[in-house]
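Residue numbers (the numbering used here): 45 to 533.
What follows is the structure, encoded as structure tokens:
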């Protein structure tokens, strides 16, 4: 009977080996000097998935009982599955109270439809280990679900993960009030250890598919130092029960060959974010994020449908995003860094986007959020012992020129934006540090104001149709070889 049930469940799971390649359709980038070579995009995403053999977590004592932590029962099933060579661990419909879980190589943890995992609100249920958070390496609590040093692993199913992060949101807001009084805004995010939703770290061929993740204590899903990962059909909502600070949706962090598709993200910071470390520590690690495809996704609240930065130290290159929607998001595309990050953001391609009520259609800046981006130790702490991660944050980039970021080769086309606050804000730093080779084409937008482009080189706008409420036009300042062709209505 158990064998027959497993066959039925596997049929319902529908989790089979992924295609080895994805087909990248032709894209129209307008009149550009050279058509981009996007052949790299055909090899992104997980190339292998775990075996279909089933293990039932109920065989290891799991019961739908929220009065006890079910962590040990589920972890025992995962460990047994891994030890026997891999397969699928099935969590049946029910409600379960858990602390940190660790999915191992060869294992697919499958959350059946009707399954709810309720995360513990006790930080002691999330053991700490060395990780990277917000661009620096330091000790941090484990996530609710962790896939670490693993290969060919997965988290799948139509289940629901409630991370119960409000306790960590409240802790952060209280700490921030005190830290701002002490001129410590730059370190509060690092001192307030908050639990992430999902962490994939130092792993290969990982699949996250079909589940719903809500109210994470910190970032919802971080893919760190990993290769060939897929995030498919995942729903993230961090606006349940309050306003979660820095609750990014999907963070792709110094990782390669990543596919994000069919996802919906509602959060209070960057919706889908590309990162590569910050400041001296990020330059030391020097690991890029490259070869990322984002498609068929929807962003709701949040700071950016697709954001590159502000953690740019290891460099970001080859990002293709298409067939996307944004509703009330901070920007359709946002590129940001600061003058101590360093790194290069290049070869960014975004097309076929529908945006409604965004703040910016395109936002580009090299000096984002100075209160957060630059570290300075107040006088009262000088000469005293400070935590090691404070030392990391305070380590200067030398020579300072190594901290200058570079943005170039950005293609942004076929955009429909309605009721935006501003069409564009895009600026380099000065005459020596310009943003270069931006190609915007075939954009229709209704906006409150037009915006500004400054300190650029070879910034091209063609086939741009703007309806501007305040009747302003795009301002230009200190640009070289720009060509702005806009039809104002």
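Ideal Cβ positions, reconstructed from N, Cα and C, are used throughout, including at glycine.
Reference residue 249, options 239, 228, 275 and 127, closest by Cα: 275
Entirely enclosed beta strand (DSSP E) segments - the segment 185-244, minimum 3 residues: 189-192, 195-200 and 204-206
Best match in 262, 299 and 358 for proximity to residue 281 [C-alpha to C-alpha]: Comparing Cα-Cα distances from residue 281 to each of 262, 299 and 358, the minimum goes to 262.
Length of the line joining the Cα atoms of residue 165 and residue 141: 10 Å
Element boundaries [alpha helix (DSSP H), containing residue 438]: Following the DSSP letters along the chain, one finds residue 438 inside the alpha helix (DSSP H) bounded by residues 432-438.
Other residues of its chain near residue 317: CB distance less than 6 Å, five sequence neighbours each side excluded: If we look at residue 317 and ignore the five residues flanking it on each side, its Cβ neighbours are 292, 295 and 351.
Rounded distance between the beta-carbons of residue 149 and residue 126, thought under 8 Å: 6 Å between Cβ atoms; contact.
At least three beta-carbon pairs within less than 8 Å, the segment 361-381 to the segment 418-436: no
Cβ-Cβ distance between residue 405 and residue 376 below 8 Å: yes
Beta-carbon proximity of residue 407 to residue 469, cut-off 8 Å: yes
Segments of 3+ residues assigned as beta strand (DSSP E) that fall wholly inside the segment 118-175: Complete beta strand (DSSP E) runs here, min 3: 131-135, 138-142, 145-147, 151-155 and 159-163.
Residue environment, residue 154, which counts as buried when at least 16 other CB atoms sit within 10 Å: buried
CA-to-CA distance, residue 242 to residue 266, given in whole angstroms: 6 Å
Option nearest residue 173 by Cα separation, candidates 167, 256 and 185: 185
Contacting residues, own chain, Cβ-Cβ under 6 Å from residue 287 (five flanking each side not counted): The answer, listed in chain order, is 312.
At least three beta-carbon pairs within less than 8 Å, the segment 441-452 to the segment 416-433: Because the criterion of three Cβ pairs below 8 Å is not met, the segment 441-452 and the segment 416-433 do not touch.
Coarse secondary structure for residue 47, derived from DSSP in three states: Confidence at residue 47 is low in this model, with a pLDDT of 37, below 50, so the placement of that residue should be treated as unreliable; the coordinate-derived value is given next. If DSSP states are grouped into helix, strand and coil, residue 47 belongs with the helices.
Among 442, 415, 393 and 347, the one whose alpha carbon lies nearest that of residue 402: 347
Residues of its chain near residue 45, where Cβ-Cβ distance is below 7 Å and the 5 sequence neighbours each way are ignored: Low confidence applies to residue 45: its pLDDT is 41, below 50, so where it sits in the model is not reliable, and the reading given next is rough at best. Taken in chain order, the list of residues that qualify is empty.
Spatial neighbours of residue 55 in its chain, beta-carbon cut-off 8 Å, leaving aside the 5 residues before and after: The predicted model places residue 55 with a pLDDT of 48, which falls under 50 and marks its position as unreliable, so this point remains unresolved.
Residues near residue 314 in its chain [Cβ-Cβ closer than 6 Å; skip 5 each side]: Cβ contact annotation for residue 314 (same chain, cutoff 6 Å, sequence separation greater than five): 292, 347, 348 and 351, in chain order.
Beta-bridge pairing of residue 527 - partner residues as DSSP gives them: Note: residue 527 sits in a beta bridge opposite 504.
Secondary structure of residue 344, DSSP reduced to three states: In this structure, residue 344 counts as coil in the three-state DSSP scheme.
Same chain, Cβ closer than 8 Å to residue 414, five either side skipped, listed in chain order: 382
Straight-line Cα distance separating residue 482 from residue 358: 21 Å
Proximity below 8 Å, CB of residue 524 to CB of residue 496: Against a cut-off of 8 Å, the Cβ pair of residue 496 and residue 524 comes out as no contact.
Bridge-paired residues (DSSP) for residue 451: Beta-bridge pairing by DSSP links residue 451 to 389.
Distance CB(residue 299)-CB(residue 341) smaller than 8 Å: Contact flag unset, no.
Inter-residue CB distance, residue 493 and residue 516 (contact presumed, cutoff 8 Å): 5 Å
Straight-line gap, residue 220 to residue 82 (C-alpha atoms, nearest Å): 43 Å
Close Cβ partners of residue 206 (< 6 Å) along its chain, the five nearest in sequence each way excluded: Answer for residue 206: 162 and 258, listed in chain order.
Cβ neighbours of residue 461 in the same chain (closer than 6 Å, five flanking residues each side left out): 399, 405 and 489
Counted within 10 angstroms of its Cβ, other Cβ atoms place residue 335 as buried (16 or more) or exposed: Taking a 10 Å sphere around the C-beta of residue 335, we find 16 or more other C-beta atoms and assign the residue as buried.
Beta-bridge partners of residue 98, as assigned by DSSP: 132
Counted within 10 angstroms of its Cβ, other Cβ atoms place residue 232 as buried (16 or more) or exposed: With 16 or more neighbouring CB atoms inside 10 Å of its own CB, residue 232 falls in the buried class.
First through last residue of the beta strand (DSSP E) which encompasses residue 372: Looking at the DSSP string, residue 372 is not in any beta strand (DSSP E), and its letter there is neither H nor E.
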